[in-house]
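**Student:**
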Amino acid sequence: MAKNNLIRLRCFGKEVGKIGFDEHRNASFFQYSPDFLKEDTYTDMFPLIFKRIAQTQVFEQYNNDTFRGLPPMIADSLPDAFGNIIFKAWLESGSKNLKQISVLEQLAYVGARGMGALEYQPCKDLSANTTINIDEITEIVKQVLEQKSNTGATALDHASLLNIFKIGTSAGGARPKILVSENKVTKEIIPGDIVYSADYDHYLVKLGLEENKKYSPELIEYIYYLTAKATGIDMMPSKLIDGKHFATLRFDRQEGRKKHVLTASGMAGWDFMDPKVSRYENLFDLAVYLKLPHKDIEQLFRRMVFNLVFANNDDHLKNHSFLYNEANNKWLLAPAYDLTFSLNPLLTYKRTSRALSVNGKRVGVLLSDVLKIADSYTIKNPKGIIDHVQHAISVWEAHAKEMAVPEMIVEGMKKQFVEIN
Ligand SMILES: Nc1ncnc2c1ncn2[C@@H]1O[C@H](COP(=O)(O)OP(=O)(O)O)[C@@H](O)[C@H]1O
Ligand SMILES: [Mg+2]
Numbered sequence: 057m058a059k060n061n062l063i064r065l066r067c068f069g070k071e072v073g074k075i076g077f078d079e080h081r082n083a084s085f086f087q088y089s090p091d092f093l094k095e096d097t098y099t100d101m102f103p104l105i106f107k108r109i110a111q112t113q114v115f116e117q118y119n120n121d122t123f124r125g126l127p128p129m130i131a132d133s134l135p136d137a138f139g140n141i142i143f144k145a146w147l148e149s150g151s152k153n154l155k156q157i158s159v160l161e162q163l164a165y166v167g168a169r170g171m172g173a174l175e176y177q178p179c180k181d182l183s184a185n186t187t188i189n190i191d192e193i194t195e196i197v198k199q200v201l202e203q204k205s206n207t208g209a210t211a212l213d214h215a216s217l218l219n220i221f222k223i224g225t226s227a228g229g230a231r232p233k234i235l236v237s238e239n240k241v242t243k244e245i246i247p248g249d250i251v252y253s254a255d256y257d258h259y260l261v262k263l264g265l266e267e268n269k270k271y272s273p274e275l276i277e278y279i280y281y282l283t284a285k286a287t288g289i290d291m292m293p294s295k296l297i298d299g300k301h302f303a304t305l306r307f308d309r310q311e312g313r314k315k316h317v318l319t320a321s322g323m324a325g326w327d328f329m330d331p332k333v334s335r336y337e338n339l340f341d342l343a344v345y346l347k348l349p350h351k352d353i354e355q356l357f358r359r360m361v362f363n364l365v366f367a368n369n370d371d372h373l374k375n376h377s378f379l380y381n382e383a384n385n386k387w388l389l390a391p392a393y394d395l396t397f398s399l400n401p402l403l404t405y406k407r408t409s410r411a412l413s414v415n416g417k418r419v420g421v422l423l424s425d426v427l428k429i430a431d432s433y434t435i436k437n438p439k440g441i442i443d444h445v446q447h448a449i450s451v452w453e454a455h456a457k458e459m460a461v462p463e464m465i466v467e468g469m470k471k472q473f474v475e476i477n
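Numbering (the numbering used here), first residue to last: 57 to 477.
Okay, structure coming up:
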């Protein structure tokens, strides 16, 4: 492995190993650090794919858009499509070109600022003393998005883009979002990838940039959050900022510590775009393999039922994560996130089939399909859980009305909700 094609992987203050990339073969490599193996700690932090051996391991099978040739657990750290727009704009405002940036260089830019606890070296030093205003960020992201559809114009200066890059690229997913940290005492807001400390609340904020007054996806996501909580789904405390930005506390930053997190897709190497592996049964099997407590298996069942009833079809394998407890080397189900109405009510609710199949079905899922899953994974009282979730439609409606969601939208969405029978 050539030196400049190597990057160090660190976690919990230790060097875990080195990652290499061969552009010609489009293959990646991983080698555990001998000291890390010798210490024999955190042995389950990568429960699949990496073998705990001293030799270099080669990965040639992950050469697709999702994993980009990297080991999938590492690809989880790469910025998503939204992050890449900003990354690209940022590069273009300087002298570099995105095409010349390798995946390892992208990881180097992620550095110690990524989601979860995995860190990459070398990383660029970014000063820790900038204070950023949320309105300014909203404006810059808007401009970057506008700029995307209007290539050629470079309305933004390097410094602003650098600022937003520092904030905007660390979270995965599809919608515009930023990471911010709020000082618990002074309420000062700083970019979310600079400090992690118990003095701050660390938020992931989905920005409400849409001008459309009729439909705010962030408001709807907030209403879904309230409804999901009412059905016993575990989620991080979340709030609406200025009635339009959805802010959720990060489960990968808790009590001043970084928590190691992997998505189901990243942990198991299942491409979340591939229908063959996109099955709820895979998710349950993974949870069983990880020896999750039975309450987590039941929680997963509750989330599946919620996604069915509330027409959240975007329930793919990157929208489910697991959280590592470094103190006892065990995994737990991470809190739920990205629970929302996934159809666009302004585009006449065009129906899409759900990402994860239930008993092989993506549409027309019946009670018998859901009960079959309940039986396979020994869920107690599945009908009680289904009833509970089903009744929450009225909770959803009450919140929607209280928050002045237009009647037309409320009725349109309700029509898409499903009665499991
Ligand atoms: N509360 C949270 N704490 C930590 N990570 C989160 C949280 N919510 C979401 N994430 C991570 O951020 C990514 C993007 O969030 P998500 O809600 O899925 O946005 P999108 O609608 O863009 O897909 C998720 O895939 C997940 O890895
Ligand atoms: Mg998502």
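Each residue gets a CB set at the ideal place from its N, CA and C atoms; glycine is no exception.
Please read these numbers as outputs of a predicted model, since none were measured by experiment.
Hey, could you find the ends of the beta strand (DSSP E) Gln87 is sitting in?
**Tutor:** On the sequence shown, residue 87 is found 31 positions in, with the first residue counted as 1. From DSSP, the beta strand (DSSP E) with Gln87 extends over Ala83 to Tyr88.
**Student:** Indicate, with yes or no, if ligand 1 has a heavy atom lying under 7 Å from the CB of Lys314.
**Tutor:** Position 258 of the sequence shown, counting from 1, holds the residue named residue 314. No.
**Student:** Have a look at Ala168 and Glu475 and give me their C-alpha separation to the nearest angstrom.
**Tutor:** As a working note, residue 168 is residue 112 in the sequence shown. As a working note, residue 475 is residue 419 in the sequence shown. Cα-Cα distance, rounded: 45 Å.
**Student:** Taking 7 Å as the cut-off, does the CB of Lys457 come closer than this to any heavy atom belonging to ligand 2?
**Tutor:** Along the sequence shown, one-based indexing puts residue 457 at 401. No, Cβ of Lys457 sits at least 7 Å from all heavy atoms of ligand 2.
**Student:** So, with DSSP's three-state summary, where would you put Met292?
**Tutor:** If you number the sequence shown from 1, residue 292 lands on position 236. DSSP places Met292 in coil when its eight states are reduced to three.
**Student:** Grab me the residues of Gln177's own chain with a C-beta within less than 6 Å of its C-beta, minus the 5 sequence neighbours each way, in chain order.
**Tutor:** In the sequence shown, the residue the question calls residue 177 occupies position 121. For Gln177, where only same-chain residues beyond five positions count, the Cβ hits under 6 Å are Arg64.
**Student:** Using DSSP with H/G/I as helix, E/B as strand and the rest coil, what is Tyr345?
**Tutor:** Walking along the sequence shown from the start, residue 345 turns up at place 289. Three-state result, Tyr345: helix.
**Student:** In the DSSP assignment, find the unbroken alpha helix (DSSP H) run with Gly440 in it and report its ends.
**Tutor:** What you label residue 440 is simply residue 384 of the sequence shown in a count that begins at 1. Residues Pro438 to Glu458.
**Student:** What does DSSP give as the partner residue(s) for Ala392 in the beta ladder?
**Tutor:** Locating residue 392 in the sequence shown gives position 336, where the first residue counts as 1. Looking at the DSSP assignment, Ala392 forms a beta bridge with Met291.
**Student:** Assign Lys314 to one of three DSSP states: helix, strand, or coil.
**Tutor:** The residue given as residue 314 occupies position 258 in the sequence shown. Note: Lys314 maps to strand in three-state DSSP.
**Student:** Are the CB atoms of Asp370 and Ala324 within a distance shorter than 8 Å?
**Tutor:** Position 268 of the sequence shown holds residue 324. Position 314 of the sequence shown holds residue 370. Not in contact: Ala324 and Asp370 (Cβ atoms no closer than 8 Å).
**Student:** Could you tell me the distance, in whole angstroms, from the CA atom of Tyr256 to the CA atom of Ala460?
**Tutor:** Translated into the one-based positions of the sequence shown, residue 256 becomes position 200. Translated into the one-based positions of the sequence shown, residue 460 becomes position 404. So the alpha carbons of these two residues sit roughly 32 Å apart.
**Student:** Hey, would you say Lys243 sits closer than 8 Å to Phe302, going by beta carbons?
**Tutor:** Working through the sequence shown from its first residue, we reach residue 243 at position 187. Working through the sequence shown from its first residue, we reach residue 302 at position 246. In this structure, Phe302 does not lie closer than 8 Å to Lys243 by Cβ.
**Student:** Skipping 5 residues on each side, what residues in its chain have a beta carbon closer than 6 Å to that of Val445?
**Tutor:** Looking up residue 445 in the sequence shown gives position 389. Excluding positions up to five away in sequence, the list reads Thr287, Val361, Phe362 and Val365.
**Student:** How is the alpha helix (DSSP H) around Glu354 delimited, first residue to last?
**Tutor:** Sequence index remark: in the sequence shown, residue 354 carries index 298 (1-based). Run containing Glu354: His350 to Val365, per the alpha helix (DSSP H) assignment.
**Student:** Can you check DSSP and say which residues form a bridge with Leu305?
**Tutor:** Within the sequence shown, the letter at position 249 stands for residue 305. Bridge partners of Leu305: Tyr259.
**Student:** Could you tell me whether any non-hydrogen atom of ligand 2 is closer than 7 Å to the CB of Asn375?
**Tutor:** Mapped onto the sequence shown, residue 375 falls at position 319. Yes - ligand 2 has a heavy atom lying nearer than 7 Å to the Cβ of Asn375.
**Student:** Compare the beta carbon distance of Phe77 and Val159 with 8 Å and say whether it is the shorter of the two.
**Tutor:** Locating residue 77 in the sequence shown gives position 21, where the first residue counts as 1. Locating residue 159 in the sequence shown gives position 103, where the first residue counts as 1. Taking 8 Å as the Cβ cut-off, Phe77 and Val159 qualify as a contacting pair.
**Student:** In terms of residue numbering, what span does the beta strand (DSSP E) encompassing Glu71 cover?
**Tutor:** Taking the first residue of the sequence shown as position 1, residue 71 is located at position 15. Its beta strand (DSSP E) spans residues Lys70 to Asp78.
**Student:** What residues in its chain sit with their C-beta under 7 Å from that of Tyr271, if we drop five residues either side in the sequence?
**Tutor:** Looking up residue 271 in the sequence shown gives position 215. Within the same chain, Tyr271 has close Cβ partners Pro401, Leu402 and Ile465.
**Student:** Short of 6 Å in beta carbon distance, which residues of its chain neighbour Ser413, apart from the five on each side in sequence? Order them along the chain.
**Tutor:** To locate residue 413, count along the sequence shown from 1; it is residue 357. Counting only Cβ-Cβ distances below 6 Å, and skipping sequence neighbours, we find Arg335.
**Student:** According to the neighbour-count rule (16 or more other Cβ atoms, all chains shown, within 10 Å of its Cβ), is Ile234 buried or exposed?
**Tutor:** Here the question's residue 234 lines up with position 178 in the sequence shown. Its Cβ being crowded by 16 or more others within 10 Å, Ile234 is buried.
**Student:** Let's see if you can read the secondary structure: which residues bound the alpha helix (DSSP H) around Leu160?
**Tutor:** For the purposes of this step, residue 160 is identified with residue 104 of the sequence shown, where counting begins at 1. Where Leu160 is concerned, the enclosing alpha helix (DSSP H) stretches over Val159 to Val166.
**Student:** Could you compute how far the alpha carbon of Gly172 sits from the alpha carbon of Tyr278?
**Tutor:** On the sequence shown, position 116 is the one that residue 172 refers to. On the sequence shown, position 222 is the one that residue 278 refers to. If you take the alpha carbons of Gly172 and Tyr278, they lie about 23 Å apart.
**Student:** Where does the unbroken beta strand (DSSP E) through Leu62 begin, and where does it stop?
**Tutor:** For this step, residue 62 is matched to residue 6 along the sequence shown. Start and end: Leu62 to Cys67.
**Student:** Work out the CA separation of Arg309 and His258 for me, nearest whole Å.
**Tutor:** Translated into positions along the sequence shown, residue 258 becomes position 202. Translated into positions along the sequence shown, residue 309 becomes position 253. One C-alpha to the other measures close to 7 Å.
**Student:** In terms of residues, what are the limits of the alpha helix (DSSP H) holding Ile276?
**Tutor:** By 1-based counting over the sequence shown, the position of residue 276 is 220. Looking at the DSSP string, the run of the alpha helix (DSSP H) that includes Ile276 is Pro273 to Ala286.
**Student:** Taking buried to mean at least 16 other C-beta atoms within 10 Å of its own C-beta, is Leu212 buried or exposed?
**Tutor:** Within the sequence shown, the letter at position 156 stands for residue 212. In this predicted model, Leu212 has a pLDDT of only 34, less than 50, meaning its place in the structure is not dependable; the value taken from the coordinates is given anyway. Buried, by the Cβ-count rule.
**Student:** Let me know the secondary structure DSSP gives Phe106 once reduced to three states.
**Tutor:** Here residue 106 refers to the residue found at position 50 when the sequence shown is read from its first residue. Phe106: coil per DSSP, three-state reduction.
**Student:** Tell me which residue opens and which closes the alpha helix (DSSP H) that Lys428 is part of.
**Tutor:** As a first step, residue 428 must be located in the sequence shown, where it is residue number 372. Looking at the DSSP string, the run of the alpha helix (DSSP H) that includes Lys428 is Leu423 to Ser432.
**Student:** Quick test of your reading: Leu318 and Phe378, contact by CB under 8 Å. State the CB separation rounded to the nearest angstrom.
**Tutor:** To locate residue 318, count along the sequence shown from 1; it is residue 262. To locate residue 378, count along the sequence shown from 1; it is residue 322. With 8 Å as the limit, Leu318 and Phe378 qualify as a contact, their Cβ atoms being about 6 Å apart.
**Student:** Verify the contact flag: Asp394, CB atom, against every heavy atom of ligand 2, threshold strictly below 7 Å.
**Tutor:** If you number the sequence shown from 1, residue 394 lands on position 338. At least one heavy atom of ligand 2 is nearer than 7 Å to the Cβ of Asp394, so yes.
**Student:** Out of curiosity, what's the CA-to-CA distance linking Val72 and Asp425?
**Tutor:** The residue given as residue 72 occupies position 16 in the sequence shown. The residue given as residue 425 occupies position 369 in the sequence shown. Their Cα atoms are separated by approximately 42 Å.
**Student:** Does Ser237 come out as helix, strand or coil in the three-state DSSP assignment?
**Tutor:** Numbered from its first residue, the sequence shown carries residue 237 at position 181. Looking at Ser237 - three-state DSSP - the assignment turns out to be strand.
**Student:** Please classify Ser432 as buried or exposed, where buried requires at least 16 neighbouring CB atoms within 10 angstroms.
**Tutor:** Taking the sequence shown and counting its residues from 1, the one referred to as residue 432 is at position 376. Label assigned to Ser432: exposed.
**Student:** With distances taken between CB atoms, is the gap from Ala254 to Glu311 smaller than 8 Å?
**Tutor:** The count along the sequence shown starts at 1 and reaches residue 254 at position 198. The count along the sequence shown starts at 1 and reaches residue 311 at position 255. Closer than 8 Å, so yes.
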